[in-house]
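Written below as structure tokens is the structure these notes are about.
There are 2 protein chains.
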Amino acid sequence: MAAAEMVEFWRGGLLESTHRGHAVVCDQAGEVVQAWGDPGRVIFPRSSCKMLQALPLLESGAADAAGLSDAHIALSCASHQGAALHVNMASRWLADLGLGEADLRCGSHEPYDRTERDRLILAQEAPCQLHNNCSGKHSGFLTTTRHLKAGPEYVELDHPLQKAIKAATEEVTDETAAGYGIDGCSAPNFAMSVAGLARGMAKFAAADQSGSVRDRAMHRLTRSMAAHPELVAGEGRACTELMRAMGGRVAIKTGAEAVFIAIIPEKKLGIALKIEDGNSRASEAALVAILAQLGVLDAAHPMAQKRLPAPQTNCRGLTVGELRLASGFV
Amino acid sequence: MAAAEMVEFWRGGLLESTHRGHAVVCDQAGEVVQAWGDPGRVIFPRSSCKMLQALPLLESGAADAAGLSDAHIALSCASHQGAALHVNMASRWLADLGLGEADLRCGSHEPYDRTERDRLILAQEAPCQLHNNCSGKHSGFLTTTRHLKAGPEYVELDHPLQKAIKAATEEVTDETAAGYGIDGCSAPNFAMSVAGLARGMAKFAAADQSGSVRDRAMHRLTRSMAAHPELVAGEGRACTELMRAMGGRVAIKTGAEAVFIAIIPEKKLGIALKIEDGNSRASEAALVAILAQLGVLDAAHPMAQKRLPAPQTNCRGLTVGELRLASGFV
Numbered sequence: 001m002a003a004a005e006m007v008e009f010w011r012g013g014l015l016e017s018t019h020r021g022h023a024v025v026c027d028q029a030g031e032v033v034q035a036w037g038d039p040g041r042v043i044f045p046r047s048s049c050k051m052l053q054a055l056p057l058l059e060s061g062a063a064d065a066a067g068l069s070d071a072h073i074a075l076s077c078a079s080h081q082g083a084a085l086h087v088n089m090a091s092r093w094l095a096d097l098g099l100g101e102a103d104l105r106c107g108s109h110e111p112y113d114r115t116e117r118d119r120l121i122l123a124q125e126a127p128c129q130l131h132n133n134c135s136g137k138h139s140g141f142l143t144t145t146r147h148l149k150a151g152p153e154y155v156e157l158d159h160p161l162q163k164a165i166k167a168a169t170e171e172v173t174d175e176t177a178a179g180y181g182i183d184g185c186s187a188p189n190f191a192m193s194v195a196g197l198a199r200g201m202a203k204f205a206a207a208d209q210s211g212s213v214r215d216r217a218m219h220r221l222t223r224s225m226a227a228h229p230e231l232v233a234g235e236g237r238a239c240t241e242l243m244r245a246m247g248g249r250v251a252i253k254t255g256a257e258a259v260f261i262a263i264i265p266e267k268k269l270g271i272a273l274k275i276e277d278g279n280s281r282a283s284e285a286a287l288v289a290i291l292a293q294l295g296v297l298d299a300a301h302p303m304a305q306k307r308l309p310a311p312q313t314n315c316r317g318l319t320v321g322e323l324r325l326a327s328g329f330v
Numbered sequence: 001m002a003a004a005e006m007v008e009f010w011r012g013g014l015l016e017s018t019h020r021g022h023a024v025v026c027d028q029a030g031e032v033v034q035a036w037g038d039p040g041r042v043i044f045p046r047s048s049c050k051m052l053q054a055l056p057l058l059e060s061g062a063a064d065a066a067g068l069s070d071a072h073i074a075l076s077c078a079s080h081q082g083a084a085l086h087v088n089m090a091s092r093w094l095a096d097l098g099l100g101e102a103d104l105r106c107g108s109h110e111p112y113d114r115t116e117r118d119r120l121i122l123a124q125e126a127p128c129q130l131h132n133n134c135s136g137k138h139s140g141f142l143t144t145t146r147h148l149k150a151g152p153e154y155v156e157l158d159h160p161l162q163k164a165i166k167a168a169t170e171e172v173t174d175e176t177a178a179g180y181g182i183d184g185c186s187a188p189n190f191a192m193s194v195a196g197l198a199r200g201m202a203k204f205a206a207a208d209q210s211g212s213v214r215d216r217a218m219h220r221l222t223r224s225m226a227a228h229p230e231l232v233a234g235e236g237r238a239c240t241e242l243m244r245a246m247g248g249r250v251a252i253k254t255g256a257e258a259v260f261i262a263i264i265p266e267k268k269l270g271i272a273l274k275i276e277d278g279n280s281r282a283s284e285a286a287l288v289a290i291l292a293q294l295g296v297l298d299a300a301h302p303m304a305q306k307r308l309p310a311p312q313t314n315c316r317g318l319t320v321g322e323l324r325l326a327s328g329f330v
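So the sequence lines, in the order shown, correspond to chains X and P. Quick note, the first sequence lines up with residues 1 to 330 if you use UniProt numbering. Quick note, the second sequence lines up with residues 1 to 330 if you use UniProt numbering.
Have a look at this one:
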């Protein structure tokens, strides 16, 4: 099945660029409620599945044994922008475990946060692994690894942690992984269908606080993300601003190459979408459109409008273009 | 006509993302020699048409009156990265005209060049309009404006300069502009078909040094770009590195939203391409493929390989993916 036209970029009254993709809304029974494009398209969920990768942290008892707060749980699901807030929290977390930055296996990159970036340049300091947008996820990985008394190379495919993540992922998505790739942070990322990812998110949405170990883990992960939007991404970012706009009722998470998920507890629905070309302006706009259609996001909220129609201004402040939904989408 | 599948991004042996687009190779008679997707797709050429926007600078006599060198001409066609080289040259150019940074109408943005960016941060200095990637084009605009004794608001649609650019563009592309948009640098950008843009580039390719005023202008623009690749973009950038790889035989120019053109004098061919989704990793890879197929770029050259297959390494240096051509393209 072909990808569906989803988002367009218009300039001067003319269509400049287009984005196609796949999206699925799934209910708690695993049924596809709505779909665009190909629900069976096998994708890499990338960072959108960090709540799946955090399941062993909670289910193994590692989180409780380490006394992690909901804020830690949120940071374990984050693609943060390396602001002082995130870096300091990951640093203290590792120190509390008796570990340090050198135990991380995510690598370093310049932080997306401008204040922290400029601070590093002014201090002539190189970014460290704590600045990596995945340092919270990796702090969670290290917490589980220590709890399991497993070896230090926790991103290896045959490490007990990654085996546990693969098993949990396959159970929650009801799919056998279609393969795996290595992510930007060096962790394995298991391939799944868009429908499988949406199905998994619906299970998170329906998870009961008084249910099984898995249910309780999914419930806490969803609530922790929604309660700490500033930790999941950072100021100015879509995940943070849209979760705030929805008042903590919905958890959402972006992934590289234009993947996005949403977990909607009040409707027991999960959403997954992938833009074919990997452009996140389109995945953000498409998610806003679906959330608005489902009635959980006010399309007129400034944080929604920032993504759709996302008026584009140039460096003299002139409005030069805007995103629009393709006809037939949502 | 639908866009053609052109470039794919693969990770872990699985297809992660795809890019579709339109491309045309045109000969000096204006005939389409090869095409993929829809040659009639109306696009904004964005910065790929800077040599068209520079025609009045040469044809009016403004360039010669101001004593501009081929390096100035190359900078007038540049989307440079605001390195010291570019900023200083634009600054001296304006001073020689008796003008200054405040006369520019391009606006400011942080330079892409890391060294200059870090210098500004360390000096606690804000970027100025000279750092704008279009400051060379705008210095050319000001040169023409002064020569025409026209008013200072040279980016207005009804300014004599923009009228001259529109007329030259329509003549060279053999098309009436399908409309216009405002570009990132605030200048009007005239819409045209991919075939029209390729047709215009073929005329540049075939232009004779001993021909008409227009022929001589097109000839000088092409040679100036190809002779000064470091001015047209900057270190690490596709235009600079690929023109170097082709030893100055071919002029190429990128534009925002994934447009790319090439001018091949030895074959009297012009190329234009647009990736539907605006992702420049795909326009760079597609251009490399077409140039290699035409025999003017060695596909094994490191600067070609950097764009196709463009091995993707993550922040720990692991190779995680690569670009591939879609089957049926080139």
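Note that the Cβ used here is the ideal one computed from N, Cα and C, for glycine as well.
So with Cβ pairs under 8 Å, would you call residue 384 (chain X) a contact of chain P?
Since the first residue shown for chain X is 1 and the last is 330, residue 384 (chain X) is missing from the structure and cannot be characterised.
Under 8 Å, Cβ to Cβ, is there at least one residue of chain P near Arg324 (chain X)?
Not closer than 8 Å to any Cβ of chain P, the Cβ of Arg324 (chain X) fails to qualify, so no.
Ile290 (chain X) and Val7 (chain X): beta carbons closer than 8 Å?
Not in contact: Ile290 (chain X) and Val7 (chain X) (Cβ atoms no closer than 8 Å).
May I ask you to report which of helix, strand or coil DSSP gives Val98 (chain X)?
Checking the displayed sequence, the identity of residue 98 (chain X) turns out to be Gly instead of Val. Coil at Gly98 (chain X), not helix or strand.
Closest to Gly234 (chain X) by C-alpha separation, out of X:His80, X:Val33 and X:Val42, would be which residue?
It is X:His80.
Quick check: what's the CA-CA separation for Val32 (chain X) versus Ala326 (chain P)?
The alpha-carbon atoms of Val32 (chain X) and Ala326 (chain P) are separated by roughly 30 Å.
Could one say the Cβ of Arg11 (chain P) lies closer than 8 Å to chain X's Cβ atoms, at least one of them?
So yes, Arg11 (chain P) belongs to the interface.
Do Lys203 (chain X) and Val172 (chain X) come within 8 Å of each other at the CB atom, strictly closer than that value?
Closer than 8 Å, so yes.
Quick check on the DSSP output: the beta strand (DSSP E) that includes Leu55 (chain P) runs from which residue to which?
From DSSP, Leu55 (chain P) is part of no beta strand (DSSP E) but of the alpha helix (DSSP H) over Leu55 to Glu59.
Could you check whether the Cβ of Cys77 (chain X) sits closer than 8 Å to any Cβ belonging to chain P?
Not an interface residue.
What alpha helix (DSSP H) runs, 4 residues minimum, are completely inside the region 100–171 of chain P?
Segments of the alpha helix (DSSP H) lying fully in the region 100–171 of chain P: 114–122 and 135–147.
What does Arg316 (chain X) reach in chain P if we use C-beta pairs closer than 7 Å?
Correct list: Gly107 and Ser186.
Check whether the region 146–166 of chain P and the region 213–223 of chain P touch, using three or more Cβ-Cβ pairs below 8 Å as the test.
Too few Cβ pairs lie closer than 8 Å, so no.
How is the beta strand (DSSP E) around Thr254 (chain X) delimited, first residue to last?
Residues Ala251 to Gly255.
Among the residues of its own chain, which have a CB less than 6 Å from the CB of Ala285 (chain P), if the five just before and after it don't count?
Here the set comprises Val7, Arg307, Leu308 and Leu323.
Please classify Glu241 (chain X) as buried or exposed, where buried requires at least 16 other C-beta atoms within 10 Å of its C-beta.
The residue is buried, with at least 16 neighbouring Cβ atoms inside 10 Å.
Strictly below 8 Å CB to CB, what residues from chain X border Ala178 (chain P)?
Those are Leu14, listed as they occur along chain X.
Roughly how many whole angstroms lie between the Cα atoms of Ile121 (chain P) and Asp113 (chain X)?
Answer to the nearest angstrom: the Cα atoms are 14 Å apart.
Using 10 angstroms around the beta-carbon of Val87 (chain P), count the other beta-carbons present and answer buried if the total reaches 16, otherwise exposed.
Label assigned to Val87 (chain P): buried.
Does any residue of chain P have a CB that is nearer than 8 Å to the CB of Thr115 (chain X)?
No - not a single Cβ of chain P is within 8 Å of the one on Thr115 (chain X).
What does Glu257 (chain P) touch in chain X if you count any residue whose Cβ is under 7 Å from its own?
Here the neighbours are Glu16 and Ser17.
Per the contact definition of three or more C-beta pairs closer than 8 Å, is the region 43–63 of chain X in contact with the region 295–305 of chain X?
At 8 Å Cβ cutoff, the stretches do not touch.
If you draw a straight line from the C-alpha of Val250 (chain P) to the C-alpha of Ala78 (chain X), how long is it?
Whole-angstrom Cα-Cα distance: 46 Å.
Please work out which residues of its chain come closer than 7 Å, Cβ to Cβ, to Phe190 (chain P), disregarding the five sequence neighbours upstream and downstream, and give them in chain order.
Taken in chain order, the residues that qualify are Lys166, Thr169, Ala177 and Tyr180.
Assign Ala29 (chain P) to buried or exposed, taking buried as 16 or more other Cβ atoms, counted over all protein chains shown, within 10 Å of its Cβ.
With fewer than 16 Cβ atoms within 10 Å of its Cβ, Ala29 (chain P) is classed as exposed.
Measuring CB to CB, does Phe44 (chain P) end up less than 8 Å from Glu257 (chain P)?
Contact flag set, yes.
Using the rule of at least 16 other Cβ atoms within 10 Å of the residue's Cβ for burial, across every protein chain shown, is Leu273 (chain P) buried or exposed?
That one is buried.
Is the separation between the beta-carbon of Pro39 (chain X) and that of Gly82 (chain X) shorter than 8 Å?
No.
Quick one: which unbroken beta strand (DSSP E) runs of 3-plus residues sit fully inside the region 8–82 of chain X? Chain order, please.
Whole beta strand (DSSP E) segments, 3+ residues: 14–27 and 32–36.
Compute the distance between the beta-carbons of Arg223 (chain X) and Asp70 (chain X), then report whether it is under 8 Å.
Yes. Within cutoff.
Would you say Asp27 (chain P) lies against chain X (beta-carbon separation less than 8 Å)?
So, not an interface residue.
What residue does the alpha helix (DSSP H) around Arg223 (chain X) start on, and which one ends it?
Run containing Arg223 (chain X): Val213 to Ala227, per the alpha helix (DSSP H) assignment.
For Asp118 (chain X), would you say it is in contact with chain P, using Cβ-to-Cβ distances shorter than 8 Å as the test?
Asp118 (chain X) counts as touching chain P.
Does any residue of chain X bring its CB to less than 8 Å from the CB of Thr94 (chain P)?
One detail in the question is off: residue 94 (chain P) reads as Leu in this sequence, not Thr. Output row for Leu94 (chain P): interface = no.
Could you please give the first and the last residue of the uninterrupted alpha helix (DSSP H) stretch that includes Pro302 (chain P)?
Start and end: Pro302 to Gln305.
Closer than 8 Å, CB to CB, is Ala23 (chain P) near chain X or not?
False, the Cβ-Cβ gap to chain X never drops below 8 Å.
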